[in-house]
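**Student:**
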Ligand SMILES: [Mg+2]
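Numbering (my numbering), first residue to last: 58 to 366.
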């Protein structure tokens with residue numbers, strides 16, 4: 058392999074101590090030494106909630122490249138703190154769910170992920186912002202938030218990705234809540250819905266391709282509302298999602314928008330990138346175009362799986 062001897066400047070690592078990939082953080086240190094960063098800042102956190110503080114510290118210390126070691130929750134916490142800063146983020150997909158990495162073509166392979174972080178292409182991608190907090194993959198209300206809340210109780214680690222789907226299926230009772238959804242200031246949906254999803258990328262929870270044509274750099278958020286209730290209707294939605302185009306389901310309504318305003322008749326827990334957040338009756342979301350710069354495989358390079366991200 059041809060190695061360019063470009064110095065990487067100040068490199069920060071923000072690592073979730075309980076997440077692992079390849080030979081773990083020991084191997085990461087060895088791989089980083091080979092890249093000869095000008096300065097290396099090293100932060101470890103016991104849970105992703107502690108990551109934003111370290112991310113801000115890294116910025117203050119002048120980091121040029123921030124490597125995030127963890128899954129979607131870790132990445133969400135870090136990009137929320139780093140959005141708009143101009144710093145470049147390299148994702149090291151060491152989590153249970155690594156959907157942003159997966160969508161961007163960064164493999165769950167430590168040396169390869171490090172190589173992309175240092176020598177990949179810098180690409181600006183959109184972020185979504187919900188009630189003041191950024192997300193990179195998706196935000197959800199109803200079905201999805203509930204299933205994540207359950208999966209958080211240790212199940213996620215025990216069963217891995219399948220837990221998302223499994224716990225989801227336990228919530229197929231699909232309680233309906235009255236929702237009013239405005240898109241870019243215009244009423245788009247009013248009625249009973251069981252779930253609302255906002256997507257920045259196509260493949261979301263459980264590896265389900267929920268938004269077929271989503272792109273993380275088009276300045277739009279995908280939005281979907283499901284009106285499915287009961288196990289049979291939900292099974293049809295999930296079946297369509299896993300088999301083909303989700304927008305063909307009679308229980309799903311989908312489009313895209315820049316600004317989303319949701320009012321609920323009763324409080325529901327919402328979710329950002331796999332993490333359960335507050336219970337709310339109002340959800341305000343918008344797209345933040347080019348909100349974060351990430352390293353992705355070089356286009357047409359050997360590691361670009363499908364030519365798109
Ligand atoms: Mg988009």
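Glycine included, each C-beta is placed from N, C-alpha and C at the ideal position.
From a predicted model like this one, the values you see are computed outputs, not experimental measurements.
(1) Nearest to residue 189 by alpha carbon, out of 357, 355, 318?
(2) Can you list, in chain order, the residues of its chain with a C-beta nearer than 7 angstroms to that of residue 336? Leave out the 5 residues immediately preceding and following it.
(3) Quick test of your reading: residue 253 and residue 197, contact by CB under 8 angstroms. State the CB separation rounded to the nearest angstrom.
(4) Is it right to say residue 338 is buried, meaning 16 or more other beta carbons lie within 10 angstroms of its own, or is it exposed?
(5) Counting beta carbon pairs with one atom in the region 105 to 114 and one in the region 157 to 172, are three or more of them shorter than 8 angstroms?
(6) Give the DSSP-derived three-state secondary structure of residue 143 in the structure shown.
(7) Tell me the residue span of the alpha helix (DSSP H) that contains residue 83.
(8) Pick out whichever of 277, 313, 119, 251 has its Cα sitting closest to the Cα of residue 322.
(9) On a CA-only basis, which of 80, 108, 123 is nearest residue 68? Give me that one, please.
(10) Say whether chain C places a C-beta atom closer than 8 angstroms to the C-beta of residue 319.
(11) Under the DSSP definition of a beta bridge, which residues are partnered with residue 316?
(12) Shortest alpha-carbon distance to residue 255 belongs to which of 152, 242, 281?
(13) Which of the three DSSP states is assigned to residue 125 in this structure?
(14) Drop a sphere of 10 angstroms on the beta-carbon of residue 354, count the other beta-carbons inside from all chains shown, and report buried for 16 or more, exposed for fewer.
(15) Quick one: does the C-beta of residue 271 sit closer than 7 angstroms to a heavy atom of ligand 1?
(16) Is DSSP giving residue 130 helix, strand or coil here?
(17) Assuming residue 257 contacts residue 143 (C-beta within less than 8 angstroms), just tell me the rounded distance between them.
(18) Say the cut is 7 angstroms; is the CB of residue 27 nearer than that to a heavy atom of ligand 1?
(19) Taking only three categories from DSSP, how would you classify residue 274?
(20) Spatial neighbours of residue 334 within its chain, please: C-beta separation below 6 angstroms, excluding the five flanking residues on both sides.
(21) From the DSSP output, in three-state form, read off residue 219 for me.
**Tutor:** Taking the coordinates as given:
(1) Your numbering for residue 189 matches position 132 in the chain shown. Of 357, 355, 318, the residue nearest in Cα terms is 318.
(2) Position 279 of the chain shown, counted from the start, is the residue given in the question as residue 336. Excluding sequence neighbours, residue 336 sits near 324, 325, 326.
(3) As a first step, residue 253 must be located in the chain shown, where it is residue number 196. As a first step, residue 197 must be located in the chain shown, where it is residue number 140. Going by Cβ atoms, the distance from residue 253 to residue 197 rounds to 7 angstroms, so yes, they are a contact pair.
(4) In the chain shown, counting from the first residue as 1, residue 338 sits at position 281. Around the beta carbon of residue 338, fewer than 16 other beta carbons lie within 10 angstroms, which makes this residue exposed.
(5) With the cut-off at 8 angstroms, the region 157 to 172 and the region 105 to 114 do not touch.
(6) Position 86 of the chain shown holds residue 143. Three-state result, residue 143: coil.
(7) By one-based count along the chain shown, residue 83 stands at place 26. 81 to 92 is the extent of the alpha helix (DSSP H) around residue 83.
(8) In the chain shown, residue 322 corresponds to position 265, counting from 1. Here the closest residue by C-alpha is 251.
(9) Within the chain shown, residue 68 is the residue found at index 11, counting from 1. Closest option to residue 68, Cα to Cα, is 123.
(10) Here there is only one protein chain, and chain C is not present.
(11) Your numbering for residue 316 matches position 259 in the chain shown. For residue 316, the beta-bridge partners assigned by DSSP are 343.
(12) For the purposes of this step, residue 255 is identified with residue 198 of the chain shown, where counting begins at 1. The shortest C-alpha separation from residue 255 is found at 281.
(13) In the chain shown, the residue the question calls residue 125 occupies position 68. For residue 125, the secondary structure class from DSSP, reduced to helix, strand or coil, is strand.
(14) Working through the chain shown from its first residue, we reach residue 354 at position 297. Buried is the label assigned to residue 354, since at least 16 other Cβ atoms lie within 10 Å of its Cβ.
(15) Sequence index remark: in the chain shown, residue 271 carries index 214 (1-based). Yes.
(16) Here residue 130 corresponds to residue number 73 of the chain shown, with the count starting at 1. Residue 130: helix per DSSP, three-state reduction.
(17) Here the question's residue 257 lines up with position 200 in the chain shown. Here the question's residue 143 lines up with position 86 in the chain shown. About 20 angstroms separates the Cβ atoms of residue 257 and residue 143, ruling out a contact at the 8 angstroms cut-off.
(18) Residue 27 is absent from the model: the chain starts at 58 and stops at 366.
(19) Translated into the one-based positions of the chain shown, residue 274 becomes position 217. Residue state for residue 274 is assigned as coil, using DSSP reduced to three classes.
(20) Numbered from 1 along the chain shown, position 277 holds the residue referred to as residue 334. Excluding positions up to five away in sequence, the list reads 327.
(21) For the purposes of this step, residue 219 is taken as the residue at position 162 of the chain shown. Here residue 219 scores only 45 on pLDDT, less than 50, and its place in the model should not be relied on; the value that follows carries that caveat. It is helical.
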